[in-house]
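Quick mapping for you: the protein sequence lines, in order, are chains A and B.
Under our numbering, residues 1 to 176 are what the first sequence spells out, in order.
Under our numbering, residues 177 to 352 are what the second sequence spells out, in order.
Glycine residues also receive a C-beta, built at the ideal position from the N, C-alpha and C atoms.
Here the structure is a predicted model, which means the values were calculated and not measured.
Protein chains: 2
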Amino acid sequence: MRVLGVDPGLTRCGVGVIDGQPGRPPELVDVGVIRTSTGTDHAHRLLAIEQGLDTWVVRFRPDAIAVERVFAQHNMMTVTGTAQAAGIAMLISARHEIPVALHTPTEVKAAITGYGAADKAQVGAMVARVLRLPAAPTPADAADAVALAICHLWRGGATNRYAAAVQAHAARTGRR
Amino acid sequence: MRVLGVDPGLTRCGVGVIDGQPGRPPELVDVGVIRTSTGTDHAHRLLAIEQGLDTWVVRFRPDAIAVERVFAQHNMMTVTGTAQAAGIAMLISARHEIPVALHTPTEVKAAITGYGAADKAQVGAMVARVLRLPAAPTPADAADAVALAICHLWRGGATNRYAAAVQAHAARTGRR
Numbered sequence: 001m002r003v004l005g006v007d008p009g010l011t012r013c014g015v016g017v018i019d020g021q022p023g024r025p026p027e028l029v030d031v032g033v034i035r036t037s038t039g040t041d042h043a044h045r046l047l048a049i050e051q052g053l054d055t056w057v058v059r060f061r062p063d064a065i066a067v068e069r070v071f072a073q074h075n076m077m078t079v080t081g082t083a084q085a086a087g088i089a090m091l092i093s094a095r096h097e098i099p100v101a102l103h104t105p106t107e108v109k110a111a112i113t114g115y116g117a118a119d120k121a122q123v124g125a126m127v128a129r130v131l132r133l134p135a136a137p138t139p140a141d142a143a144d145a146v147a148l149a150i151c152h153l154w155r156g157g158a159t160n161r162y163a164a165a166v167q168a169h170a171a172r173t174g175r176r
Numbered sequence: 177m178r179v180l181g182v183d184p185g186l187t188r189c190g191v192g193v194i195d196g197q198p199g200r201p202p203e204l205v206d207v208g209v210i211r212t213s214t215g216t217d218h219a220h221r222l223l224a225i226e227q228g229l230d231t232w233v234v235r236f237r238p239d240a241i242a243v244e245r246v247f248a249q250h251n252m253m254t255v256t257g258t259a260q261a262a263g264i265a266m267l268i269s270a271r272h273e274i275p276v277a278l279h280t281p282t283e284v285k286a287a288i289t290g291y292g293a294a295d296k297a298q299v300g301a302m303v304a305r306v307l308r309l310p311a312a313p314t315p316a317d318a319a320d321a322v323a324l325a326i327c328h329l330w331r332g333g334a335t336n337r338y339a340a341a342v343q344a345h346a347a348r349t350g351r352r
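Here is the structure:
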């Protein structure tokens, strides 16, 4: 099973792809960041994120997409951009008929480190260890995207049931 | 000048198209609502909004798109969906290289009724009067979308300068 993790953001949108098979440690396929400039107008930044994410989906054909669930933060402007980037990731998932699941930051940290309040360094270190990498992917948004993908793979039970429900719905409504 | 107004929403996304020429009252071209079901998964609702908005843009070829600026509201789930629908409207604007501008609800109400705290009935009544319609478009989301388009036309000065800046930027970065 191949999972694309997306850590949504307007300035830096982390993306990470892993492959997982039962009984074997997951393998890192690729990891990166889609960047947009603060000097670009908002609409074209969203377009760049859409095009960037679509390229990753077409190139790696994931079986599932895991997106960080966005919550209200201190800065409303930031949360709007983050929510819109997450929405674009979901939109692309639906367009390609790939099941999408949302995971909260706490769920990701707990799945990866066993501790829901782990800091970025701890998450990065565990991502490196799980994938047998010499160091955590950088920047943190890239490591977070990989952590999301690992979380999705490991939380398989619940999320796969969700994905199955999405697929069943799509089939029922004739979208596949 | 043809303007498409978009009142973003996940369940009901209002859309209205008007034509305006200097010295003549604006004319209503078409108005409607893109609806998505609460029984559909979130990702496919976003996809339906994208496809619906894209159809309106392709059919009516507006010179500008006006989107309501989203603010934090009481219900964080609602604001996330609304922000994502607004983001999709902006994304489509950028994709078609149509200038997009955001207007706050207060700006729209003030432009249409002269009173920034006007209620929906007052906005609807003024929309009907301006466009010489027998009654306000329904539902309110449709009337609000038309009000956004009228607001955009009437606030021409500032918004046209913004649109010109967006176009200049697009030209500079080779996107046209």
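Asked	Found
So which of 306(B), 221(B), 290(B) and 203(B) has the shortest CA-CA distance to residue 186(B)?	221(B)
Can you give the beta carbon distance from residue 230(B) to residue 177(B), rounded, assuming they're within the 8 angstroms contact cut?	Residue 230(B) to residue 177(B), Cβ: 21 angstroms. No contact.
What does the alpha-carbon distance come out to for the pair residue 106(A) and residue 116(A)?	5 angstroms
With 8 angstroms as the threshold, decide whether the Cβ of residue 290(B) is near any Cβ in chain A.	no
Mind checking who residue 18(A) pairs with in its DSSP beta bridge?	3(A) and 28(A)
If you pair each beta-carbon of the segment 315-324 of chain B with each one of the segment 292-304 of chain B, do three or more pairs fall below 8 angstroms?	yes
Near residue 335(B), which residues of its chain fall below 6 angstroms by C-beta distance, leaving aside the five closest residues on each side in sequence?	Residue placement at residue 335(B) cannot be trusted, given a pLDDT of 49 that sits under 50; what the coordinates show is reported in the next sentence. Excluding positions up to five away in sequence, the list reads 277 and 328.
Measuring CB to CB, does residue 210(B) end up less than 8 angstroms from residue 203(B)?	no
Taking the C-alpha atoms as reference points, what is the distance between residue 84(A) and residue 21(A)?	32 angstroms
For a cutoff of 8 angstroms on Cβ pairs, would you count residue 34(A) as touching chain B?	no
Taking C-beta pairs closer than 7 angstroms, name the residues in chain A that residue 266(B) reaches, listed in chain order.	42, 43 and 46
The alpha helix (DSSP H) spanning residue 53(A) covers which residue range?	42-60
Taking only the alpha-carbon atoms, compute the straight-line gap between residue 306(B) and residue 200(B) and give it to the nearest angstrom.	11 angstroms
With residue 181(B) and residue 324(B) assumed to form a contact (beta carbons below 8 angstroms), what rounded beta-carbon distance in angstroms separates them?	3 angstroms
For residue 226(B), tell me which candidate among 246(B), 242(B), 273(B) and 266(B) has the shortest Cα-Cα distance.	266(B)
Apply the 10 Å Cβ neighbour rule to residue 134(A) and answer buried if 16 or more other Cβ atoms are within range, or exposed otherwise.	exposed
Flag this pair as yes or no: are the beta carbons of residue 98(A) and residue 57(A) separated by less than 8 angstroms?	yes
Name the two residues that bound the continuous alpha helix (DSSP H) containing residue 293(B).	Neither: residue 293(B) is in no alpha helix (DSSP H) and is coded neither H nor E.
Is it right to say residue 290(B) is buried, meaning 16 or more other beta carbons lie within 10 angstroms of its own, or is it exposed?	exposed
Could you give the DSSP three-state label for residue 129(A): helix, strand or coil?	helix
At least one CB of chain B closer than 8 angstroms to the CB of residue 107(A): is that the case?	no
Under a CB-based cut-off of 8 angstroms, is residue 240(B) close to chain A?	no
Is it buried or exposed, residue 173(A), if we count other Cβ atoms within 10 angstroms and call 16 or more buried?	exposed
DSSP state of residue 102(A), grouped into three classes?	strand
Taking a Cβ distance cut-off of 9 angstroms, strictly less, list which residues of the segment 5-17 of chain A are near chain B, in chain order.	none
Run through the DSSP bridge pairs and tell me what residue 209(B) is partnered with.	190(B)
Can you tell me whether DSSP reads residue 66(A) as helix, strand or coil?	strand
By the three-class DSSP mapping on this structure, what secondary structure does residue 156(A) have?	helix
How about residue 93(A) and residue 65(A): are their beta carbons less than 8 angstroms apart?	yes
With distance defined between alpha-carbon atoms, name the residue in 190(B), 280(B), 308(B) and 205(B) nearest to residue 235(B).	205(B)
If you compare alpha carbons, which of 12(A), 8(A) and 16(A) is closest to residue 136(A)?	16(A)
Could you work out which residues of chain B lie near residue 95(A), taking near to mean beta carbons separated by less than 7 angstroms?	223
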